[in-house]
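Protein sequence lines correspond, in order, to chains S and U. Using the numbering used here, the first residue of the first sequence is number 707, and each one after it goes up by one. Using the numbering used here, the first residue of the second sequence is number 6, and each one after it goes up by one. Built from N, CA and C at the ideal position, the CB exists for glycine as well. Given the structure is predicted, the values throughout are model-derived calculations rather than measurements.
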Amino acid sequence: AQKVTQAQTEISVVEKEDVTLDCVYETRDTTYYLFWYKQPPSGELVFLIRRNSFDEQNEISGRYSWNFQKSTSSFNFTITASQVVDSAVYFCALSVPDSNYQLIWGAGTKLIIKP
Amino acid sequence: DTGVSQNPRHKITKRGQNVTFRCDPISEHNRLYWYRQTLGQGPEFLTYFQNEAQLEKSRLLSDRFSAERPKGSFSTLEIQRTEQGDSAMYLCASSDGQGAINEQFFGPGTRLTVL
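If you want it as structure tokens, here you go:
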């Protein structure tokens, strides 16, 4: 069975601080895909990144960066120099071919950026 | 706007009534997913269509729930004899080809409140 754990229910930081959101996944499949989505207060889920199990390269996109470590089954997300607009709920998700690629979601981390 | 659309955005109904939601995916996307999200939780998979074929249904989808995707375009999700436990946000997502490789694009959701 697949599972995604986001242990941090809520994180609150002051603007311009760096913040890391943790994601730990479980799967027996050797081929799988990991995602991060952002859900702002408006409610619509916004895709941030996709990573497949064969690509452990870290990725940086502007102030966002992702650290994928298969050895610890983790796919952590860091926001550098946080801004108030980053306030949202962030979800980590997993999909595998045998499950028709349905997304299996973590419970989400609510990120609050204080001005 | 060529994103995923859902109607209605909000639905308030009395227990025991039937409700129907509609999802219009991105036009060239052949995969369509329905998820349910309750407050403070990540989305939960309900069902999946490839074109007009419903290929997978979650155990969460009781016999009061039915989904269709005639002609492989828009989809409807019907809940019969609604219960208070059905109150949630119902999300629709679509993807192109292999959903694990291409991200799922989400609609704004339909928020259902059962009184």
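How far does the beta strand (DSSP E) with Y738 of chain S in it reach, from first residue to last? Here Y738 of chain S belongs to no beta strand (DSSP E), and DSSP marks it neither H nor E.
Does the Cβ-Cβ distance between L44 of chain U and S63 of chain U come in under 7 Å? Between L44 of chain U and S63 of chain U, the C-beta spacing is not below 7 Å.
Residue range of the beta strand (DSSP E) that T52 of chain U falls in? Element bounds for T52 of chain U: E49 to Q55.
Helix, strand or coil for S805 of chain S per DSSP? Reduced to three states, the DSSP call for S805 of chain S is helix.
Keeping to the same chain, check which residues put their C-beta closer than 6 Å to that of K709 of chain S; ignore five residues upstream and five downstream. When the five nearest sequence neighbours on each side are left out, the beta carbons in the same chain lying within less than 6 Å of the beta carbon of K709 of chain S are those of E732, in order along the chain.
With H, G and I counted as helix, E and B as strand and the rest as coil, what does DSSP make of V9 of chain U? Secondary structure of V9 of chain U (DSSP, three-state): coil.
Within 8 Å, do at least three Cβ pairs link the stretch 724 to 738 of chain S to the stretch 771 to 788 of chain S? The answer is yes - the stretch 724 to 738 of chain S touches the stretch 771 to 788 of chain S, with three or more Cβ pairs under 8 Å.
Selection of the stretch 40 to 68 of chain U by Cβ proximity to chain S, strictly under 7 Å: Within the stretch 40 to 68 of chain U, the residues whose Cβ lies closer than 7 Å to any Cβ of chain S are, in chain order, Q46, G47, P48, F50, Y53, L60 and E61.
Measuring CA to CA, which of U:F79, U:K76, U:L96 and U:L66 is closest to Q85 of chain U? Taking Q85 of chain U as reference, the option from U:F79, U:K76, U:L96 and U:L66 with the minimal CA-CA separation is U:L66.
In the DSSP assignment, the beta strand (DSSP E) including R27 of chain U goes from what residue to what residue? That run of the beta strand (DSSP E) goes V24 to D29.
Using a cut-off of 7 Å between C-beta atoms, extract the partners of N806 of chain S located in chain U. Correct list: Y53, L60 and E61.
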